[in-house]
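**Q**
Protein chains: 4
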Amino acid sequence: MDPGIADADRDGATDDDRGLYRAAGFGRPVPRGPRPAILVVDFSRGFTDPAVPTGAEMTDELAATRRLLDLGREKGVPAVFTTIAFDPAQLASLPWLHKAPGMAALVQGSPLVAVDQRLARRRDEPLIVKTGASAFFGTPLAAQLAAWRIDTVIVAGATTSGCVRASVVDAMQSGFNVLVPRDCVADRAAAPHDANLFDMQQKYADVIPLDEVLAYLGGLPAAAAPEGGRT
Amino acid sequence: MDPGIADADRDGATDDDRGLYRAAGFGRPVPRGPRPAILVVDFSRGFTDPAVPTGAEMTDELAATRRLLDLGREKGVPAVFTTIAFDPAQLASLPWLHKAPGMAALVQGSPLVAVDQRLARRRDEPLIVKTGASAFFGTPLAAQLAAWRIDTVIVAGATTSGCVRASVVDAMQSGFNVLVPRDCVADRAAAPHDANLFDMQQKYADVIPLDEVLAYLGGLPAAAAPEGGRT
Amino acid sequence: MDPGIADADRDGATDDDRGLYRAAGFGRPVPRGPRPAILVVDFSRGFTDPAVPTGAEMTDELAATRRLLDLGREKGVPAVFTTIAFDPAQLASLPWLHKAPGMAALVQGSPLVAVDQRLARRRDEPLIVKTGASAFFGTPLAAQLAAWRIDTVIVAGATTSGCVRASVVDAMQSGFNVLVPRDCVADRAAAPHDANLFDMQQKYADVIPLDEVLAYLGGLPAAAAPEGGRT
Amino acid sequence: MDPGIADADRDGATDDDRGLYRAAGFGRPVPRGPRPAILVVDFSRGFTDPAVPTGAEMTDELAATRRLLDLGREKGVPAVFTTIAFDPAQLASLPWLHKAPGMAALVQGSPLVAVDQRLARRRDEPLIVKTGASAFFGTPLAAQLAAWRIDTVIVAGATTSGCVRASVVDAMQSGFNVLVPRDCVADRAAAPHDANLFDMQQKYADVIPLDEVLAYLGGLPAAAAPEGGRT
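Protein sequence lines correspond, in order, to chains A, B, C and D. End of the first sequence sits at 231 in this note's numbering; the numbers just go up one at a time, nothing left out. End of the second sequence sits at 1231 in this note's numbering; the numbers just go up one at a time, nothing left out. End of the third sequence sits at 2231 in this note's numbering; the numbers just go up one at a time, nothing left out. End of the fourth sequence sits at 3231 in this note's numbering; the numbers just go up one at a time, nothing left out.
1. Between the Cα of C:Ala-2147 and those of B:Asp-1087, B:Met-1172, B:Leu-1106 and B:Ile-1154, spot the shortest distance and give me the residue it belongs to.
2. So with CB distances below 7 Å, who are the chain A contacts of D:Arg-3149?
3. Hey, does C:Met-2103 have any beta-carbon neighbour from chain D nearer than 9 Å?
4. Compute the distance between the beta-carbons of D:Leu-3112 and D:Leu-3119, then report whether it is under 9 Å.
5. Within its chain, find whatever has a CB closer than 7 Å to the CB of B:Asp-1007; leave out the 5 residues flanking it on each side and keep chain order.
6. So C:Gln-2090 and C:Thr-2054 are supposed to be a Cβ contact under 8 Å. How far apart are they, rounded?
7. When you check each C-beta in the stretch 3170-3191 of chain D against every C-beta of chain C, which residues fall closer than 9 Å?
8. Check each candidate in D:Ser-3134, D:Phe-3026 and D:Val-3041 and name the one with the smallest Cα separation from D:Arg-3185.
9. Applying the 10 Å Cβ sphere with the 16-neighbour rule, what's the burial state of B:Asp-1060?
10. For D:Arg-3182, which option in D:Ile-3150, D:Leu-3020, D:Ala-3205 and D:Leu-3094 has the closest C-alpha, if you only look at C-alpha atoms?
11. By the 7 Å beta-carbon criterion, what residues does the stretch 2133-2148 of chain C contribute toward chain A?
12. So for C:Thr-2082, helix, strand or coil by DSSP?
13. Exposed or buried, which one is A:Gln-117 when buried takes at least 16 other CB atoms within 10 Å?
14. Could you tell me which chain C residues have their CB closer than 8 Å to the CB of A:Arg-73, listed as they occur along the chain?
15. Buried or exposed for D:Gly-3033, please, with buried defined as at least 16 other CB atoms from any protein chain shown within 10 angstroms of its CB.
16. Does any C-beta atom of chain B lie closer than 9 Å to the C-beta of D:Ser-3093?
17. Assuming B:Thr-1083 and B:Ser-1044 make a contact with CB atoms under 8 Å, what is their CB distance in whole Å?
18. According to DSSP, what are the bridge partners of C:Ile-2128?
19. Would you say C:Asp-2016 lies against chain D (beta-carbon separation less than 9 Å)?
20. Using a Cβ-Cβ cut-off of 7 Å (strictly less than) and excluding sequence neighbours within five positions of C:Asp-2087, which residues of its own chain qualify?
21. For B:Arg-1028, decide whether its Cβ has a neighbour in chain C, counting only Cβ atoms nearer than 9 Å.
22. I need the straight-line Cα distance from C:Cys-2163 to C:Ala-2191, nearest angstrom please.
23. Closest Cβ-Cβ distance between C:Ser-2161 and chain D: below 9 Å?
24. Using a beta-carbon distance below 9 Å, is A:Gly-76 in contact with chain D?
25. Helix, strand or coil: how does DSSP classify C:Pro-2029 here?
26. Along the chain, which unbroken stretches of the alpha helix (DSSP H) at least 4 residues long are found entirely within the stretch 3178-3220 of chain D?
27. Can you find the residues in the same chain that come closer than 8 Å, C-beta to C-beta, to B:Ala-1104, ignoring five residues on each side of it along the sequence?
28. For D:Gln-3202 and C:Glu-2074, what's the separation of their Cα atoms in angstroms?
29. For A:Ser-44, which beta-bridge partners are listed by DSSP?
30. With DSSP collapsed to three states, give me the class of A:Gly-229.
31. Which two residues bound the contiguous beta strand (DSSP E) that contains A:Val-169?
32. Using the beta-carbon count (16 or more within 10 Å), is D:Glu-3125 buried or exposed?
33. Got a sec: which bits of the stretch 2043-2055 of chain C sit with their beta carbon under 7 Å from any beta carbon on chain D, in order along the chain?
34. Report yes or no: is there a C-beta of chain D within less than 9 Å of the C-beta of A:Gly-19?
35. Closer than 8 Å by beta-carbon distance: list the chain C residues that pair up with A:Glu-125, in chain order.
36. If you run the structure through DSSP and keep just helix, strand and coil, what is D:Thr-3065?
Structure (structure tokens):
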């Protein structure tokens, strides 16, 4: 099933649009390599708790991401998490906090920056602290993925139209093939969620059902598991 | 006029969505500083020529950008252009070209990578060659803006839902306040264009009419013009 | 006094070498701008405590850096500190820890990663956590400096031949003029210290006495002090 | 043979220094992986032509690098070259050109920026254009190496104390194990050359004889050759 088509009734793209994109050479599938990693973007309480102003209801996407992580852990696929956490000394000067001052609640030490416990992050899964939208910007994430000799990055997290989108673009730019299991990315609003899935599927990543990602991971030999310090 | 509201009939966001974003602390205006620069993203023939598969009709947006550049030049505001141009030796390996093989036509030396002549790029306006979506990724653009002591980046170019969006996110992350004159950004399809203007206005930049940007530039003293080698 | 000449008896460079560098167009002075920042690299206990295997005696350099910071604080010059602190989940995979396993003691939460108390870091002075040699690599430091609208970076810290050298190169590459007060940088061994001062003075920064830096800061008007959120 | 020891009479380090570095956990060997790449830094006429002010006699190092490239090509090991080439519009503003104005001769289109013909660069070997010291700064090199799924970077080029040193530090920081064949790196002066080999061997890379690198490449199976688009 073509994921772009599947969204045809929601993402606002017309049949003419789809024809344009096809003619321009977008939307082709990316290779799935033998050494994937799972990147979980900003599933912290500041985004996953609906009682918080910047949060929303993400129970289903968290459960789907837990399924992804559980199979990955079984197969030895490395996982890495991100959270936004500002140094209080940065709050007054960062341009992002002029535009989106709601983000300023995400300060170091706040309970809002902790990774959602439903994902059961393990001690051998690094936590990348970031102060921008992308998991890669101003962080050592690309170097960590290169050090693990990763070829394919599976991106889950929140929000689809914000930090997930920015991280997917950077993962692709950083030299990796990117998969987005649509069940594992969440947003606070439907229209931006759908529109960004469309953009990502056309230009940067394969936006596919979780089951397709699980089948790919399930097909990996145990030996495909990257280990620290291997080479 | 609130630009988000102005698009309410086109970007798919509902009134409930707008309420959510307001409550989450998004969509505030960014400061306009005394040292702006103009960033023109990918207005090269590969995008501006409708006869090319990856191109589209962008006559109006080019004319609006020319107005922006002309006033900027008068005021001594530096401008920088980008173009996508791949080294032929990269074509087989880059993940972006798996997903979007249409981009592979943009090879070094092709007429498709030249900046559109209607913008009359001057010899003192650097051309940044890039191989990703963002004007900042894998380029010295952030360093150039820092060397010019820029505080505010005005982004024009194509496409709104692709390289403009990625460049706007990175400009904000790189420490700059960002303005997007909506008349100066173009796309090949309306729905992604509108959806990305909504995202950018809410989270990363002020998406405003060109006239508002021209008024800001017009109000700059001549002395605000950055000059090479000043400090 | 030319700082290169001052070191002539220690850095191993001959008069012929100096002639070569002069002819090649190296070693010119850099401008000092109106908006400096102070960057303090890795003055953490892992480096400043001589009882620690990776540490050395740095009492004098810490005292000199305290003088630099005190005047900067008086003048409103922003300061930013760095420390190396690895996530335990990274230890097995990072190439640096293959080459220099002694660095692996610098894990998050260890007393070794705390900034030396003799510098009295204030709450409004950001701490950048890094996992490489350069203060800029995989960190948001360049963005922070751009957000502060900095033009000149004054680099203190340890070690001269390691993280200071790497940070000085990146500060210059990131668009800033760089000053190194020689009294404020420390190393565990004299020969690499001297050799790296020579390289930096010739190619990347002005290596000068602290008194010259203090005179520059002392000459700044109070209004030159960058403030968060100014533009 | 330990390369640090081999240089003991030239790099200025004393026996006490060597003891300090050993105790601090430096100077261990890095792994050699199955997917190396060769990075040739700035062997352009601006550096390899002794008649040019920034150049020096590098005939032997070029010949050694040619041997390295020839075996790599036979084995399918990818090679990538760098050159410094400034856009004329950047010359007035870049801090590096304040400090080292001799570099400003390296403008786009000048014969000085062409890769030395003795290395016979092939069309399938990318040329990375840079405007800083490091091959990685402001370039897509790290992404290219990740796209090739590289684990080990072999660095040749000029100058040892400048762009080679900066590139070696960044290659390590970017997640790669680094080898420096000492016969393949050149400088205009002996003391900085030796001092930087010492630093690199202690902290960032294995500085080893070319023969040792050739033996490593010779032992690779033909299948180890990365190919574009493989994954």
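Glycine included, each C-beta is placed from N, C-alpha and C at the ideal position. These numbers were taken from a predicted model, which means no experiment stands behind them.
**A** Result, derived from the coordinates:
1. B:Met-1172
2. Near D:Arg-3149 (Cβ distances below 7 Å), the residues of chain A are Arg-149 and Asp-151.
3. yes
4. no
5. Low confidence applies to B:Asp-1007: its pLDDT is 45, below 50, so where it sits in the model is not reliable, and the reading given next is rough at best. The answer, listed in chain order, is Asp-1194, Leu-1197 and Phe-1198.
6. Not a contact, Cβ separation roughly 17 Å.
7. Asp-3170, Ala-3171, Met-3172, Gln-3173, Ser-3174, Gly-3175, Phe-3176, Asn-3177, Val-3178, Arg-3188, Ala-3189, Ala-3190 and Ala-3191
8. Note on residue identity: the sequence assigns Val, not Arg, to residue 3185 of chain D. Of the listed residues, the one whose Cα sits closest to D:Val-3185 is D:Val-3041.
9. exposed
10. Ranking D:Ile-3150, D:Leu-3020, D:Ala-3205 and D:Leu-3094 by Cα distance to D:Arg-3182 puts D:Ala-3205 first.
11. The stretch 2133-2148 of chain C vs chain A, Cβ under 7 Å: Gly-2138, Thr-2139, Pro-2140, Ala-2143, Gln-2144, Ala-2147 and Trp-2148.
12. strand
13. exposed
14. Within chain C, no residue comes near A:Arg-73; the closest Cβ sits about 13 Å away, beyond 8 Å.
15. With 16 or more other Cβ atoms within 10 Å, it is buried.
16. It does; some Cβ of chain B falls within 9 Å.
17. 5 Å
18. C:Thr-2082
19. Yes, because at least one Cβ of chain D sits closer than 9 Å to the Cβ of C:Asp-2016.
20. Gln-2108
21. Answer no: the Cβ-Cβ gap between B:Arg-1028 and chain C never drops below 9 Å.
22. 16 Å
23. yes
24. no
25. coil
26. Listed in chain order, the complete alpha helix (DSSP H) runs (minimum 4 residues) inside the stretch 3178-3220 of chain D are 3190-3203 and 3210-3218.
27. Phe-1086, Leu-1091 and Leu-1097
28. So the alpha carbons of these two residues sit roughly 40 Å apart.
29. A:Val-115
30. Unreliable positioning characterises A:Gly-229 in this predicted model, as indicated by a pLDDT of 39, which lies under 50. A coordinate reading is not provided.
31. Counting along the chain, A:Val-169 falls outside any beta strand (DSSP E), though it belongs to the alpha helix (DSSP H) covering 165-173.
32. buried
33. Pro-2053 and Thr-2054
34. no
35. Ala-2089
36. helix
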